[in-house]
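**Student:** Quick one: the structure is below, and I'll ask about it shortly.
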Amino acid sequence: MNLFKPPFLFLYILLCLFLTSCASIEKKTENDFERYKKYVECVPVSESEYVKCSISYDQSSFSTKKGKKLTITADSGERLELWWKLNWLRLQFILIYYNPSGSEKLRSGITIGKCSFSEGCNYGNFLGPDLDKNGIPDYFTEIIWDNWDFGADDDGDGYLDRYEYVFRPRENLYEVTNYKYFYPEKCTPPVSPWNDVCNIRSECKAPYMLKEKRILESKSF
Ligand SMILES: [Ca+2]
Ligand SMILES: [Ca+2]
614 MNLFKPPFLF
624 LYILLCLFLT
634 SCASIEKKTE
644 NDFERYKKYV
654 ECVPVSESEY
664 VKCSISYDQS
674 SFSTKKGKKL
684 TITADSGERL
694 ELWWKLNWLR
704 LQFILIYYNP
714 SGSEKLRSGI
724 TIGKCSFSEG
734 CNYGNFLGPD
744 LDKNGIPDYF
754 TEIIWDNWDF
764 GADDDGDGYL
774 DRYEYVFRPR
784 ENLYEVTNYK
794 YFYPEKCTPP
804 VSPWNDVCNI
814 RSECKAPYML
824 KEKRILESKS
834 F
């Protein structure tokens, strides 16, 4: 039987799309208000004028409608957009930063976070001062996107991978770091089920011991 003839080819492509969907962002709230309130949660940072906010979204797959899922704006007009996008046959979450009063690159948007794993779990956070106390950062000082290789061990090297994307707009500094951790003693991957990627088995939960850390990218825009 030739699996590369229609209709098998079609099914094969569908299966690939499904398997390579970088699926999950940890979901934090069940609020039924507008999207921002549902998916963005801000808390004051104690003994400072800062607020720290987390970004969450529903687990997504090939059947999730592609496009922009979330817009987060600071009082300064800077903006973050979360997209569910097709990129080389892989569906993935991408975080884009815009600054309407910045350089041309910053005005047209730069990718500062993405999901690189078949069964990746993402944690998005941003930080900024909130001097007018409206619960929204006046501007962004730091945006961190953490992408974990949950589910199976994608590169098969026996270590748990994490990509950390950090962008500091005030310093115009962007850095991507790859961390490799030892799996906990009684934990063998997959660390979580493919259809609930952020839900890690109890024996596979943090803390993780660091094996190595490598800065992959360090640049300005
Ligand atoms: Ca504010
Ligand atoms: Ca690995």
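Heads up: the sequence shown begins at 614 in my numbering, then just goes up one per residue.
Cβ atoms here follow ideal geometry from the backbone N, Cα and C, with glycine treated the same way.
Because the structure is a prediction, the values reported are computed rather than measured.
Whose C-beta lies closer than 6 Å to the C-beta of E694 among residues of the same chain, with five residues either side of it excluded?
**Tutor:** As a position in the sequence shown, residue 694 is number 81, starting the count at 1. Hits under 6 Å: K681, T684, I709.
**Student:** Which residue marks the beginning of the alpha helix (DSSP H) containing L719, and which one marks its end?
**Tutor:** In the sequence shown, counting from the first residue as 1, residue 719 sits at position 106. Its alpha helix (DSSP H) spans residues 717-721.
**Student:** Here's the rule: buried if 16 or more other CB atoms are within 10 angstroms of the residue's CB, otherwise exposed. What is I828?
**Tutor:** Locating residue 828 in the sequence shown gives position 215, counting from the first residue. So I828 counts as exposed.
**Student:** Does the beta-carbon of S731 have 16 or more other beta-carbons within 10 angstroms, so that it is buried, or is it exposed?
**Tutor:** Stepping through the sequence shown from its first residue, residue 731 is reached at position 118. S731 comes out buried.
**Student:** Have a look at the DSSP bridge pairing and note the partners of I668.
**Tutor:** Start at 1 with the first residue of the sequence shown, and residue 668 comes out as number 55. I668 pairs with V653, G737.
**Student:** Once you ignore the five residues that flank R783 on each side, which residues in its own chain have a CB closer than 7 Å to its CB?
**Tutor:** Looking up residue 783 in the sequence shown gives position 170. Closer than 7 Å at Cβ, skipping near neighbours: T754.
**Student:** Check for me: the beta strand (DSSP E) holding K799 runs from which residue to which?
**Tutor:** Counting from 1 along the sequence shown, the entry for residue 799 is found at position 186. From DSSP, K799 is part of no beta strand (DSSP E); its letter is neither H nor E.
**Student:** Residues around ligand 1, please: the condition is that the C-beta lies closer than 5 Å to some non-hydrogen atom of it.
**Tutor:** For ligand 1, the selected residues are D688, D743, D745, N747, I749, D751.
**Student:** Can you tell which of G737, I757, V656 has the C-alpha that lies nearest to the C-alpha of Y670?
**Tutor:** Your numbering for residue 670 matches position 57 in the sequence shown. Measuring from the Cα of Y670, the nearest candidate turns out to be G737.
**Student:** Buried or exposed: W701, going by 16 or more other Cβ atoms within 10 Å of its Cβ?
**Tutor:** Stepping through the sequence shown from its first residue, residue 701 is reached at position 88. With fewer than 16 other Cβ atoms within 10 Å, it is exposed.
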